[in-house]
Structure formats: C-alpha cells, structure tokens
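>
Protein chains: 2
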Amino acid sequence: MRFDVLTLFPEIFTGYLGESLLNKAIDKQLVEAHVHNLRDWANDKHNRVDDRPFGGGPGMVIRVQPVVEAIEQIQPLGEMPGRLILLSPQGRTLNQPLVEELAQQQRLTMICGRYEGFDQRVIDLLQPEEISLGDFVLNGGEVAAMAIIDSVIRLIPGVLGDEQSAVDDSFSEGNRLLEFPQYTRPREYRGLNVPEVLLGGNHQEILAWRKQQSLEKTKMRRADLLDQHSDDAHDNKR
Amino acid sequence: MRFDVLTLFPEIFTGYLGESLLNKAIDKQLVEAHVHNLRDWANDKHNRVDDRPFGGGPGMVIRVQPVVEAIEQIQPLGEMPGRLILLSPQGRTLNQPLVEELAQQQRLTMICGRYEGFDQRVIDLLQPEEISLGDFVLNGGEVAAMAIIDSVIRLIPGVLGDEQSAVDDSFSEGNRLLEFPQYTRPREYRGLNVPEVLLGGNHQEILAWRKQQSLEKTKMRRADLLDQHSDDAHDNKR
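In order, the protein sequence lines correspond to chains P and B. For the first sequence, UniProt numbering assigns the number 1 to the initial residue and increments by one for each residue that follows. For the second sequence, UniProt numbering assigns the number 1 to the initial residue and increments by one for each residue that follows.
Set out below in structure tokens:
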C-alpha cells in the first residue's frame with residue numbers, strides 16, 4: 001500500500017515514519033510512504049502558499065494553485081492515482097469501518113491543511129473525500145494523516161505479528177464492543193490479583209468471562225455502541 | 001503549560017516536537033514538553049515492559065510495574081502533578097469542549113499504550129482519565145497524545161498569532177458549527193470565481209453570508225451538531 005502526504009511541514013513526519021511497526025512494514029515492502037512539501041508547488045512570483053482571506057477575518061488561507069498543481073503531479077507517481085483525502089474538521093468522522101474500507105485501497109493520497117484551511121476552490125476542483133479525526137480542531141492535518149496511516153497499516157496483512165490482534169480490537173470487525181481487561185505477570189502487584197478465571201486454563205470459562213467483561217464495560221461507558229452492535233447484527237442477516 | 005508523555009517509542013515525537021507552532025510556543029516558554037521512555041522503568045531481571053496475557057490470546061500486554069513506578073517518578077518533576085490521562089480506545093471521546101477543559105490545566109501527564117494495551121491494574125492503581133481519539137484503533141497512544149497536544153496548545157493564549165482564529169474554528173467556543181468556506185487570491189482560478197459578496201467590502205453582508213454558509217454546510221453534513229448547538233444555547237441560559 002502506498003501513502004502520499006502533501007503538507008507544509010514534512011519534517012513533522014520524520015520521527016513517526018521511523019516508528020518501529022511502520023518502519024518494519026516499509027522494510028518488508030508492505031507499505032510505502034512519501035511526504036511532499038506543498039511549498040515546492042508555490043510558483044507565483046512571491047513563492048506564497050497562503051494569503052489573506054477575501055472578506056476579511058483572522059489568519060491565512062492556503063491558495064488554490066499550489067494544492068491543485070501538486071496533486072496533479074503527485075497522483076501519476078504511483079501505479080494508479082490514490083484515493084484522495086483532505087484532512088479537515090469538516091469531513092466525515094474517521095471510524096473503524098472507514099479505516100477498514102481505506103485499508104482495502106492500494107493507495108491513499110492525503111492533503112494536510114494548516115492555518116484557516118484551504119481556498120474553497122481546492123475542494124471544488126479536486127473533489128477530495130474530506131475526513132475528520134473527530135469534533136476537535138488540530139493545528140493542521142498532519143496528526144490526522146498519521147492517525148489514518150497508523151490505523152490503516154495494522155489491517156494490512158503481514159504488518160502486525162498476529163492478525164488476530166486486529167480482529168479482537170475495540171470497534172473492529174470481530175468485535176464492535178470495547179475490549180475486555182487484560183492481565184499479565186506478576187499474579188499479584190501491590191495487593192491486586194489477577195482474576196482467578198484467567199489462571200484456571202479453562203478456555204470456555206475464559207471466553208465467557210471476557211465476553212461478559214467486554215459487554216459490561218461497553219454498557220457502562222459506551223452504551224451507544226451496543227445499539228450499533230445490534231444494528232450490525234441485523235445488517236449481517238441481509 | 002507542561003506536557004509529560006510516557007511512551008515506549010519516544011523517537012516518534014522528535015519530528016512533531018520540532019513542528020513550527022509547537023516549537024515557537026516552546027521557545028516563548030508558553031509550553032514545555034517532556035517525553036519519557038517507559039523502558040527506563042523496566043527494572044525486572046529481564047528488562048521487560050510487556051508479557052503474554054493471562055488466559056491466553058494474541059499479542060503482548062504492558063506490565064503494571066513499569067507504568068506505575070514511572071508515573072510515581074514523573075508526577076513530582078513539575079510544580080504540581082499533571083492531570084493524568086491514559087490514551088485508550090476505551091476512553092471518553094476527545095471533543096472540543098474536552099480540549100477546552102484540558103487547556104485550562106497547568107500540566108498534563110499522558111500515558112501511551114502499545115500492543116494489546118495495559119495490565120488492568122495500571123488503571124486500577126493510577127486511576128487515570130481514559131481518553132480516546134475516536135472509534136478507531138491506533139497502533140499506540142502516541143498519535144493520540146500528539147492530537148491532544150496539537151489541539152490544546154492552540155488554545156493557550158499567545159500560541160496562535162491571532163486568538164480569534166481559535167474562537168472561529170469549527171466546534172469551538174464561539175462557533176459549534178462547521179466553518180464557512182474561505183477564499184483567497186486570485187479572484188478567478190480555472191474558471192472558478194470568488195463569491196461576489198466577499199469582494200464587496202460590506203461587512204454586515206459578509207457576516208450574514210458566512211453565517212448562512214456555516215449553517216447550510218452543517219445542516220448538510222453534520223445535522224447532529226445543530227441539535228447540540230440548540231442544547232448548548234439552552235445550557236447557556238441556565
């Protein structure tokens with residue numbers, strides 16, 4: 001899978017791209033990540049990527065020309081154009097079903113904004129899919145692009161050591177509920193013990209306990225997921 | 001404001017911490033960010049931070065001892081203990097009101113997970129506030145911690161050039177709706193023109209147009225925010 005990221009601050013990605021799991025996936029040639037500097041396409045006489053908004057107001061707006069021309073040159077760099085994503089608080093909220101959908105793609109091309117966002121004509125001309133991390137405002141799309149890369153790569157076969165890990169995750173295909181509590185050694189720490197059932201070795205009991213814990217935790221913290229869960233069960237019957 | 005981040009992969013943060021806005025905030029002494037390597041507290045004879053889960057299952061679980069002892073040593077490093085946050089898909093979903101609340105703190109201490117998460121006793125003993133970026137699964141808490149830093153610092157007075165920028169943002173205090181479309185030069189690009197009203201200089205007309213655009217976009221894309229919006233209006237009357 002190939003990721004292309006267009007940003008004004010490519011250096012933000014340096015530490016992240018060296019991160020162990022991603023780095024291993026790149027070494028195994030399961031993932032390619034290319035970061036492009038938007039400034040390289042600022043070809044007006046002042047080399048500006050941004051300018052003041054028409055109609056007034058604070059801050060700066062990213063100009064339409066550099067973004068449109070950058071994407072026109074980046075898309076032909078891969079075997080096929082990437083699914084075009086613009087990170088924006090105005091977009092569709094990222095969730096696990098969308099992550100699963102994105103993980104099916106061979107290539108994603110992501111545009112990261114900054115400042116007061118993009119000239120509206122970027123969206124009118126390129127018609128990217130707008131995706132938002134959630135109902136909060138970041139300083140730019142870079143951290144959101146990392147979140148997409150982070151969540152998508154763990155679904156690419158061969159990237160995680162054990163594929164079952166991703167299936168069991170909270171919100172994931174095999175489990176749209178919150179995950180059950182986990183314990184590891186030592187059996188006792190500062191007076192707190194590992195639940196007996198996990199030490200017994202009875203796999204059916206363990207499975208039942210985990211299922212019940214998962215349900216209880218979800219009921220207490222995220223009852224909304226239980227409604228979706230039963231909707232999904234209906235959907236699966238179609 | 002002081003951020004402390006506890007992680008198994010401190011190098012992920014190197015690029016991000018050099019990022020222009022954050023870097024300027026650090027230079028201006030408005031923000032301090034300290035990244036701590038969890039491995040420094042792995043003091044058993046094998047130096048392990050993780051181990052296999054009791055009861056079986058894929059992957060590894062982060063051990064309780066290194067996390068508890070790390071936090072016990074990190075919290076006294078600042079003038080006061082930080083508000084303790086554990087990044088987890090099981091947590092309360094981050095949104096702008098929560099970001100605004102976090103921005104009021106003098107210090108945040110964030111614990112980033114990896115693998116199959118933490119031994120449950122980490123949560124039982126430290127009782128951190130669990131925060132989730134959204135209903136998707138990341139490879140670890142690092143990108144989520146960056147999202148918190150990113151969204152929080154822009155609300156710290158002096159970090160953004162113009163405080164009004166943060167007030168006008170989507171979901172923000174001054175505006176719980178999506179932001180209106182922005183335009184900058186040139187007036188015409190590939191046949192697309194800047195809306196006349198923005199060029200006219202009539203500030204009341206511009207304000208009305210932006211308000212209407214903001215409402216329409218929100219109605220089309222995120223009608224749920226309009227319900228919350230009217231709820232908020234009621235809340236403000238109390």
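Ideal Cβ positions, reconstructed from N, Cα and C, are used throughout, including at glycine. Model, not experiment: these values are computed from the prediction.
1. Distance check for P:V122 and B:R210, CA to CA, integer angstroms please.
2. Within 10 angstroms of the Cβ of B:D4, are there 16 or more other Cβ atoms? Answer buried if so, exposed if not.
3. DSSP beta-bridge partners for P:L101?
4. Could you check whether the Cβ of B:A147 sits closer than 8 Å to any Cβ belonging to chain P?
5. Fully enclosed by the region 115–176 of chain B, which beta strand (DSSP E) runs are 3 residues long or longer?
6. With burial defined as no fewer than 16 other Cβ atoms inside 10 Å of the residue's Cβ, what is the status of B:E116: buried or exposed?
7. From what residue to what residue does the alpha helix (DSSP H) around B:I12 run?
8. Kindly indicate which three-state DSSP category P:G200 falls into: helix, strand or coil?
9. Jot down the residue ranges of each uninterrupted alpha helix (DSSP H) in the region 13–100 of chain P, minimum 4 residues, whole runs only, in chain order.
10. Helix, strand or coil for B:M1? Go by DSSP, reduced to three states.
11. Using a Cβ-Cβ distance under 8 Å, would P:Q73 count as near chain B?
12. Give a yes or no on whether the C-beta atoms belonging to P:Y16 and P:M220 are separated by under 8 Å.
13. Mapping the DSSP letters down to three states, classify P:R107 as helix, strand or coil.
14. Return no unless some Cβ of chain B is closer than 8 Å to the Cβ of P:I111.
15. Roughly how many angstroms separate the alpha carbons of B:R185 and B:F136, rounded to a whole number?
16. Report the option in P:P58, P:Q90, P:P195 whose CA atom is closest to the CA atom of P:L138.
17. Between which residues of its own chain and B:N37 is the CB-CB distance below 6 Å, once the five residues before and five after are set aside?
18. For B:Q120, does the count of other Cβ atoms within 10 angstroms reach 16, so buried, or fall short, so exposed?
19. Name the chain P residues whose beta carbon is nearer than 9 Å to that of residue 276 of chain B?
20. List, in chain order, every chain P residue whose beta-carbon is nearer than 7 Å to that of B:T93.
21. Can you check whether the CB of B:V67 is closer than 8 Å to the CB of B:F118?
22. Whose CA, out of B:L125, B:M60, B:Q204, B:L108, lies closest to the CA of B:M80?
23. Who are the neighbours of B:V61 on chain P, taking C-beta pairs under 8 Å?
24. Please state whether the Cβ-Cβ distance between P:E142 and P:C112 is less than 8 Å.
25. Does P:D157 pass the burial test, meaning 16 or more other C-beta atoms within 10 Å, or should it be called exposed?
26. When the cut-off is 8 Å and only beta carbons count, does P:S20 lie next to chain B?
27. Is it true that the CB of B:I206 sits closer than 8 Å to the CB of P:G56?
28. Residues in the region 33–59 of chain P with C-beta within 8 Å of chain B's C-beta atoms, listed in sequence order?
29. Which residues in chain P have a C-beta closer than 7 Å to the C-beta of B:I85? List them in chain order.
30. Tell me P:Q182's beta-bridge partners as DSSP assigns them.
31. Can you name the residues of chain P whose CB is closer than 8 Å to the CB of B:D169?
32. Can you name the residues of chain B whose CB is closer than 7 Å to the CB of P:Q29?
In short:
1. Here residue 210 of chain B is taken as the residue at index 210 of the second sequence, counted from 1. Here residue 122 of chain P is taken as the residue at index 122 of the first sequence, counted from 1. Distance between the alpha carbons of B:R210 and P:V122: 18 Å.
2. For the purposes of this step, residue 4 of chain B is identified with residue 4 of the second sequence, where counting begins at 1. It counts as buried.
3. Numbered from its first residue, the first sequence carries residue 101 of chain P at position 101. Residue 101 of chain P is actually Glu in this sequence, not Leu. Looking at the DSSP assignment, P:E101 forms no beta bridge with any residue, so it has no partner.
4. The residue you call residue 147 of chain B lines up with position 147 of the second sequence. Judged by the 8 Å Cβ criterion, B:A147 is in contact with chain P.
5. 129–132
6. Locating residue 116 of chain B in the second sequence gives position 116, counting from the first residue. Per the 10 Å Cβ criterion, buried.
7. Locating residue 12 of chain B in the second sequence gives position 12, where the first residue counts as 1. Careful: B:I12 lies outside any alpha helix (DSSP H) and carries neither H nor E.
8. Position 200 of the first sequence, counted from the first residue, corresponds to residue 200 of chain P. In the structure shown, the three-state DSSP call for P:G200 is helix.
9. 13–17, 20–27, 64–74
10. Counting from 1 along the second sequence, the entry for residue 1 of chain B is found at position 1. In the structure shown, B:M1 sits in coil (DSSP, three-state: anything other than H, G, I, E or B).
11. In the first sequence, counting from the first residue as 1, residue 73 of chain P sits at position 73. No, P:Q73 does not count as interfacial toward chain B.
12. Taking the first residue of the first sequence as position 1, residue 16 of chain P is located at position 16. Taking the first residue of the first sequence as position 1, residue 220 of chain P is located at position 220. Going by C-beta atoms, P:Y16 is not nearer than 8 Å to P:M220.
13. Locating residue 107 of chain P in the first sequence gives position 107, counting from the first residue. If DSSP states are grouped into helix, strand and coil, P:R107 belongs with the strands.
14. Residue 111 of chain P sits at position 111 when you count from the first residue of the first sequence. So, not an interface residue.
15. What you label residue 185 of chain B is simply residue 185 of the second sequence in a count that begins at 1. What you label residue 136 of chain B is simply residue 136 of the second sequence in a count that begins at 1. Roughly 38 Å between the two C-alpha positions.
16. Position 138 of the first sequence holds residue 138 of chain P. It is P:Q90 whose Cα lies nearest to the Cα of P:L138.
17. Along the second sequence, read from residue 1 onward, the residue named residue 37 of chain B stands at position 37. Cβ within range, chain order: P10.
18. Within the second sequence, numbered from 1, the residue matching residue 120 of chain B stands at position 120. Counting Cβ neighbours within 10 Å, B:Q120 comes out buried, since at least 16 surround it.
19. This structure does not reach residue 276 of chain B, given that chain B is present from 1 up to 238, and the question cannot be answered.
20. Translated into the one-based positions of the second sequence, residue 93 of chain B becomes position 93. Those within 7 Å of B:T93 in chain P are G134.
21. Sequence index remark: in the second sequence, residue 118 of chain B carries index 118 (1-based). Sequence index remark: in the second sequence, residue 67 of chain B carries index 67 (1-based). Yes, the Cβ-Cβ distance between B:F118 and B:V67 is below 8 Å.
22. Start at 1 with the first residue of the second sequence, and residue 80 of chain B comes out as number 80. The shortest Cα separation from B:M80 among B:L125, B:M60, B:Q204, B:L108 belongs to B:L108.
23. Position 61 of the second sequence holds residue 61 of chain B. Simply Q182, Y183, T184.
24. Here residue 142 of chain P refers to the residue found at position 142 of the first sequence. Here residue 112 of chain P refers to the residue found at position 112 of the first sequence. Yes. Within cutoff.
25. For this step, residue 157 of chain P is matched to residue 157 along the first sequence. Asp is not the amino acid found at residue 157 of chain P; the sequence shown has Pro there. The residue is exposed, with fewer than 16 neighbouring Cβ atoms inside 10 Å.
26. In the first sequence, counting from the first residue as 1, residue 20 of chain P sits at position 20. Chain B contact via Cβ: present.
27. Along the first sequence, read from residue 1 onward, the residue named residue 56 of chain P stands at position 56. Along the second sequence, read from residue 1 onward, the residue named residue 206 of chain B stands at position 206. The answer is yes: Cβ separation under 8 Å.
28. D50, D51, R52, P53, F54, G55, G56, G57, P58, G59
29. Counted from its first residue, the second sequence places residue 85 of chain B at position 85. Under the 7 Å cutoff, chain P gives no residues; its nearest Cβ is about 14 Å from B:I85.
30. Position 182 of the first sequence, counted from the first residue, corresponds to residue 182 of chain P. B:D119.
31. Along the second sequence, read from residue 1 onward, the residue named residue 169 of chain B stands at position 169. Those within 8 Å of B:D169 in chain P are P89, V137.
32. Your numbering for residue 29 of chain P matches position 29 in the first sequence. Per Cβ cutoff of 7 Å: no residues; P:Q29 is ~19 Å from chain B at best.
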